[in-house]
Amino acid sequence: MSPAAHDPLNNTVDDPTRPNALILGDNDFTSLTVKVSDIVLERKTPRAWYVAFTVTAGLTGVLFLMIGYLFIKGVGVWGLNNPVSWGWAIVNFVFWVGIGHAGTLISAILFLLRQKWRTSINRFAEAMTIFAVICAGIFPAIHVGRIWVVYWLFPLPNYQAMWPNFRSPLLWDVFAVGTYATVSLLFWYTGMVPDLATLRDRARGRMQQIIYGILAVGWRGSHRHWHRYEKAYLILAGLATPLVLSVHSVVSFDFATAQIPGWHTTIFPPYFVAGAVFSGFAMVGTLLIPARQWFGLKEFITLHHLENMNKIILATGSMVGFAYATEFFIAWYSGNPNESFAFVNRAFGPYSWAYWIMVSCNVITPQLFWIKKVRTTVPVMWAMYIFVNIGMWFERFVITVTSLHRDFLPSSWGYYDPTVVDILTFVGSFGLFFTLVLLFIRFLPMVAMAEVKTVMPIADAHSGERRAVGDYHGDIPAASPEGGGA
Amino acid sequence: MVPDHNESPQSPGRGDASTERFVFPKWTNWLREASAVLALGGLVYAVILVTGVFSPEMSALGYAPEQPVPYSHALHAGKMDLDCRYCHTTVETTARANIPPTATCMNCHATVRTQSESLASVRESFETGKPVEWVQVHDLPDFVYFNHASHIQAGVGCISCHGRVDRMDVVEQVEPLTMGWCLDCHRDPAPNLRPVEFVTDMEWQTAGDADELGRRLMEERRITPSEDCATCHR
Amino acid sequence: MAADTQISGLYGLLTEFESPSVLVQAAAQVRDAGYRNWDVHTPFPIHGMDEAMGIRGTQLPFVVLAGGLIGLGLATLMQWWMNAVDYPFVISGKPLFGIPANIPVMFELTVLFSAFAAFFGMWGLNGMPKWHHPLFANRRFLRATQDRFFIVIEARDPRFRLHETSAFLASLGGSEVEEVKESAED
Amino acid sequence: MMQGSAQQGPAHGRNYWRSLQDLADSEEFRHQLENEFPGGVDAPSGMTRRRFLQIMSASIAMTSLAGCRWPEEKIVPFAKRPEGVSPGTPMGFATTFEVGPTVHSVVATSYDGRPIKIDGNPDFRLSGGAATATAQASVLDLYDPDRSRHLLNRQGGSTATTDWETFAAWLQERIAAGLDGVAILSPATTSPSVHGLLARAATAGAGIHMWEPVCRRQEFEGVVRAFGRPAAAQLHLDKARVLVDFDANLLQDHPTAVHNSRTFAAGRNPDADQMNRLYVWENSYTITGGMADHRFPVASRDVGAAVWALAAELVLGEGLPLPMNSGVDRGELGHWRGHAAGGEHLGAVARDLMANRGHGFLAAGIRQPAAVHALVHVLNSALGNVGQTVTFRPVDLPAVGDIAGFIDGLDRGAYRTVVILGGNPVKTHPADLGFNAALDRAEHRIYLGSHDDATAKACHWHVPQAHYLESWGDATSWDGTHMAVQPLIQPLYGGKTAAELLSLLLDETPRGGWQIARDTFHARRGGQGPAPAEGTDSGFEKTWRRFLHAGFLDGSGAERGIALALTAGRIAAPAEGKALSATNLEASFAQDQSVHDGRFADNAWLQEMPDFMTKLAWDNAAIVGPATAGELDVKHGDLVTLNLAGRTVEAPVYVLPGQAKYSVTLHLGYGRDDAGRVGRKAGFDAYRLRTFTHLDTADGLTVTKTGRTYELATTQDHHAIDAAGAAEIQDRVPRLVREGTIGDYRSHPEFVDHLGLHHPPLESLWKEREYTGHKWGMAIDLNSCNGCNACLIGCQSENNVPVVGKDEVALGREMSWLRLDRYFLGDPEEPTVTQQPVGCVQCELAPCEQVCPVAATVHTEEGLNAMVYNRCVGTRYCSNNCPYKVRRFNWFNNFEDLSATQRLVLNPDVTVRARGVMEKCTYCVQRIEKARVAARVEDRDIRDGDITPACAQTCPTEAIVFGDLNDPESRVSGLREQSRSFDLLGYLNIKPRTFYMARIRNPNPEIAPVAEHGEDDGHGNGKETGDHGQVEQAHG
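Pasting the structure below:
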């Protein structure tokens, strides 16, 4: 521990007498504001950003080309077939929706749980949520056979006098994902308004002042506003909490309410939610590590934050592993031969390669986070995040494809191979995702300044007073200098 | 809106006078109400668009294309009181109500108005065997299977779908013929039922209560219109 | 009096603080002085300020409750009317209306409408968006969203007397008191 | 515009729904109207009702895409409506479809003048309303866009389009001096008209030769050897209790296969006192082998030895007395007793036959030499079966030469003008005779053929051949009935029939097909000279009309046949060849059930129809058994070089369970590089290995690997099955396809219930819906179904099921609404096989419905699982949730590439499905609605039997029964009550409306000791009583 203890940026020291600071360095309100908002307003955009943006925009172009081709030719351009009617498109949908869980989880659930360390990363995670949900939303829309009538899924009055079928899990999906996207967007935007006002007030260009001015809706930091704002934020967090649990539950209903062996499982909702949080945190980490490195945010997004995330990854990864084991147990214990075979086939059938990739990445890899050295070493954890991302994509692949390819009647057993269009569409969705992330870090405040300010020691109006247990400002180091802003 | 304050704090927290500040003019506060109105209006507009403008009612109602022969139903079916079935012979027995062959026209027009200019193309068709190309007015999508015979046998009058053809010089579509419209009658056929012998009668009115008669006919003739999708779509 | 505000085109008086703890005490004094139309402007919400300013709880939760109930009712009615009344289908031999299958949409619409209520309710109660405000013209006030803390007493407050109020503000421990002008009509 | 796109999609949306009416104003259609039916009709009044020009004009024409409304459509009525025609109402006409010596009496359905469907002629005894897959698919050939459209004249490397008149003038000048030096090469035909004309040609000096790649010559020779005269054996399988099939494939490769299937199935009713028993010796699995109670895989060349061994067992072992003139030497029999080809159970078979003398039946296949046939006839006679289960109709075989004589004549210079009456001999000729070189020697070569194929290209004149639906003609059925061939449509491309071409050669005033058929009909009734002119002889007209109406001349056939007495000379025993081994394989040439001898290579329905056993579509393959494949070290899909006597061809390997060891089956008719767009790339050409001396089987085949692989498209086992999967299949199939022995069935009629999955009682979470009106259901009797594929093509034809091509089939995207699941069970070398037709079973608690977000698939009041194509958005969720995987998705616009002519075959009563739309079996709901309207118009209720789905209509064994489950009197309700009925996957509590009747096998107790079936569910005693129809729900 000792070498780490000398590192001024290491706040992961296990010392029960001295809680780790959440914000490092000699930062006050001013320096925080400057450091974060200058990324958007002052600093010259790094050349690397332009290179990265060119690449991701190109990939986004590929995505739309593939969608255009799909639109002209039909869903047959993918590798789908009769037993496997859902392939990469649905896998990608579940994958992206899953990733979209971290943001709201961090914002909402950790907010309700008074986890102050969330403030440094919640903006980033929420943004990522929105972008992941956008990527996710593309797939169910384009995967239908007749894209031009997809609006029939909405309960709109029409001359056929028909309504959608509310018993279908796909319709639940429409509502769940739609609600989730909407509420996440509202939540993200609400949280961002004070920071947009900061940008407005620091912007020097007229255009910037106007645009950020419009977005900031006239925020002027009035406490009467803050009062309702905090209430609204709390309520939104309260609403988003069951929502975040429900979205992946509903997505899991797509599978769980079907009767295909390997899909028809009551364990799916919790298992999907755990997996979603698992993959979401991994994706947040994947993006956060380069971002904090390149934009000098290590003092705000500290090793402590990363370590906490790694602990959550460890916890949810273990839940996922437990779920895998439970599935097998139930498959055997139920005595249902079709169910048993579905799982034997997963592990040892034609798709066993996918299954074992999934298990290695999702179950074995995260267990390394038990080791403190592993969960506090940045390059190692970044590699782990990549593994988890891969593993979680394969989890969805395994669930979707291996269950479908061999169901009840052996006569209809088949095999599914993706086509180039499948692959490019998926790669293109990453292009879109990273394009949006790049635009976000270039044009919007990456760290929630107003929120971080609240957890800075100097923010405490009662500093010096004895802290109440569970107080919102709980973990402020007693030894930290007072009135740093003076 | 030039700020009236020139003192600039020297801290990095900006507010310095080096740049001009943009302050939104006062009228922008009206945009709040304006955007709310716009959002609500947009919603209403979208609903109207989907239910109304996209509906076949908008495009099909009143459709009255010009026909190659200026045949007047008002004259033949109205003034001269020809029965519909004189020309549309298969309507009672088959799915389609046929358009009469030229020969049917010539039954009369071999002797009546033999020199009329407007009948020139009819005579030509009869001589050459080349059919007259009529423009279809009541045109259902091809995935809809409508059967004239079963409706006629159930006692649905021609008028229910085609309107007062006996008053039309040029046939036009007077009912929307949309799925919702079909369903209205399938769900409550009574008002549109009449004794089978009067199906082609354009003037027929029941002396009593139409609904009551309809219900009686439904019972007598065991008319239970189906709402199953497969009835019309297969 | 309010009248002299009108004449002078004065919006109010503003004073600046550097530390939240001083601000909270200052706010309590303003509250105790009986001012009503005044406000505190801070870059982040300050714990204890509600009490210091004497702000009572907001109505927002009731707005949200109403929104949620509307969402729930709408979802229930919509699903029942659409699938069981207006166009009933026989689907997998199931009942035309059954609560279990309708729960997800009920839940989602409840949350959606609640969230809309919270979002729009909050901005509505805050009177926002409001892009124009006299304070925006003040250079010093730009730091209210960054690192400084302000107390503003509006000229329309019944207790507002330009000199007395100005002196009162100066006594609170902030920096120099400044006049904020009402903007000209556009 | 808006409307159109909203409903039908952008760009080419129109084509989806409107394929029928669309074509009407297209360029191609106008072209057809104006140019391609130019001539008048040759039978003025007889043809009136089918005047294509007039009738086509009744279709609804579509014009421009103008306007904001959807496109303006035009109605083109008749100028003068023909009598008895009402637009949009289908009409049926009886006619006859001939494939070589096989004659199918069919009813062709015409819709506004377009033939759209072929069904069996219900009035004709030998078809009984059923038609084979081939016969049903024949309608598609009519609209084949690659058919020859013009009479071609090829001279010196240039090809000129000409017409019939020019050709006729040239020909008549050429033969003005007589027919000396003229050779006619004809495929096999049963047409009395053609026979008469050929006989006249022979008299006039022409050389007549016949070449049919798959013919019954040896069968007739066998009859001659046994009985001294040619005769057609009439089978009465319903009277047979023990059947022995030596490579005969009686249920498929026989002129009366449809009738055989029906009579065989009739004899297999497990509820009757007697149930027949079938023994089969064959090298490659056939549908007959699939129905066998005992099947013995043996190389095709060794089947003869098996017959001798059986004869020896019967005569020497069981003391069967040999009749007079049997021609069998007892001493020689001793040599064959216990021959390996017969297998170890021959004694039991012999005893079974002895116990059922007069009720047994033995048959040899057409690939077996005449001597084997003769011996089979001797055994049938000896066992007293002749006159009981088999009778004979004496025939006169025309005196014609064979293809070797034809080539010889050309080589000698005796033939200078050659007339080939179809059959594409350039492609199908035996590889060893130098046919092509010989043909080149002829000065003038004339070819009548449907396609501009290899033979057409080798000839100077190519006359387009009329499709049978365009032709007047006649035929003779296997029982001798005089059959009518009459057109439903004017020849699309000015085609001619063989009789018409022959008439041009022979008659001073060439006659048309109508006149020729009438004249022959007249002669057949004993008349002299030409038939009376129309309208002059009312008696003649009356019978002629009755003949045309029925499609056959009633009473003209030999329904019973006669018994013949043996007059056999010595029957030679088969020569023993060198033992077969991995280096000395047997090549066994077989007709293909899809393309036959190659003539249907351009029929997309047949190409895509999976082989009933290999499930292979669009290809043939070198079929080897698992053990042989192991010895040869080849795998499924390996491309190998087949070498037979120095001739080589590359072919992919298909490893088929149950294939006789060291026997390689090669199906003929593929690898047609001269075929049209459909057949060009399908398979390899086995004719290149087939010599005149070894037309059926040949030893000495070697197989060498090329190291390359070839993608074979199958509709089952799309992907190689791993060991765990294979074991699971073996475990699962007995629950899916339930079967037992007759012993089990008689002692425990409920044994079927115990074969299912054990599960707790099934309960629904909600109150289930009651169906009080009609409750449609379907029974499929696995005991009768032999897997002949007829239902599959019937469904395809009725329901506009698209063809998707080999690549899509290989991906697993075949569209067939009905599929035949084929499962092998047991030892891969000697497996049993079962066939199970699976279409949508119309679950009452349909899993597909609840997952559809737009309610595109919902239940009707009668319990049908309706699929609304125009509502479907294509999420494919329903297909995922369908445990039977019977839903089919339109991955692309499958009708995009069809020309206007090809679209003519579509059934206008069924929506043509768009791209992106799910489709599936609907129990032919269009027929249900039609019956309902008919009942409404007639003001009555629907009766049992009013509605027959296409699959049930055409099933040769009547294995499919459709009806109202709420009607206690209906046939289907009766079947539901039987203890053999079971639900497929019933334990899912989805309540399928289609149920199956378990298969009952009748093994010889001596061979298979009374069995374990019914006990192998592990809880055999846990039987519960209950409604048998619901057994699985009551008990697992």
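Chains as they are written, first to last, in our numbering: chain A, 103 to 588; chain B, -15 to 218; chain C, -4 to 181; chain D, 1415 to 2450.
Cβ coordinates follow ideal geometry from the N, Cα and C atoms, glycine included.
The alpha helix (DSSP H) enclosing residue i, as first and last residue numbers
i         : result
Phe2376/D : No alpha helix (DSSP H) holds Phe2376/D; the beta strand (DSSP E) holding it covers Ile2374 to Asp2378.
Distance between residue j and residue i (C-alpha atoms, nearest Å)
i         : j         : result
Leu167/C  : Ala47/C   : 14 Å
Gly176/A  : Pro2322/D : 25 Å
Leu107/C  : Gly63/C   : 8 Å
Gly307/A  : Ile236/A  : 30 Å
Gly1595/D : Lys1871/D : 22 Å
Arg199/B  : Thr2186/D : 22 Å
Gly1774/D : Leu1793/D : 10 Å
Arg1715/D : Glu2000/D : 8 Å
Leu45/B   : Gln262/A  : 16 Å
Arg2301/D : Val2092/D : 25 Å
Gly2377/D : Asp2195/D : 14 Å
Val2024/D : Leu2030/D : Val is not the amino acid found at residue 2024/D; the sequence shown has Pro there. Cα-Cα distance, rounded: 5 Å.
Gln2256/D : Cys169/B  : 28 Å
Chain-ordered neighbours of residue i on chain A, where CB pairs are closer than 9 Å
i       : result
Val31/B : Leu258 and Pro259
Where residue i meets chain C, residues with beta-carbon distance less than 9 Å
i         : result
Val2300/D : Near Val2300/D there are no residues of chain C at all, since even the closest Cβ is about 16 Å away, more than 9 Å.
Chain D residues whose Cβ lies nearer than 9 Å to that of residue i
i        : result
Phe84/C  : Glu2263, Ala2269, Val2272 and His2273
Gln361/A : Pro2261, Asn2295, Pro2297, Leu2402 and Ile2404
Pro124/C : Those within 9 Å of Pro124/C in chain D number zero; the least Cβ separation is about 36 Å.
Terminal residues of the beta strand (DSSP E) in which residue i lies
i         : result
Glu2153/D : Glu2153 to Thr2155
Met558/A  : It is not in any beta strand (DSSP E) - Met558/A carries neither H nor E in the DSSP assignment.
Classification of residue i by the beta-carbon crowding that lies within 10 angstroms, buried from 16 upward
i         : result
Gly2191/D : buried
Cys463/A  : buried
Val80/C   : exposed
Gln1550/D : buried
Contact list for residue i against chain A, beta-carbon separation under 7 Å
i        : result
Thr162/B : Tyr261
Bridge-paired residues (DSSP) for residue i
i         : result
Met2023/D : In the DSSP output, where bridge partners are listed per residue, Met2023/D has none listed.
Gln1569/D : Ser1572/D
Neighbouring residues, chain C, relative to residue i (Cβ below 8 Å)
i        : result
Thr132/A : Gln141 and Asp142
Q) Going along the chain, which residues of the segment 2336 to 2356 of chain D sit with their C-beta nearer than 7 Å to a C-beta in chain E? A) Included in the structure are the protein chains A, B, C and D, with no chain E among them.
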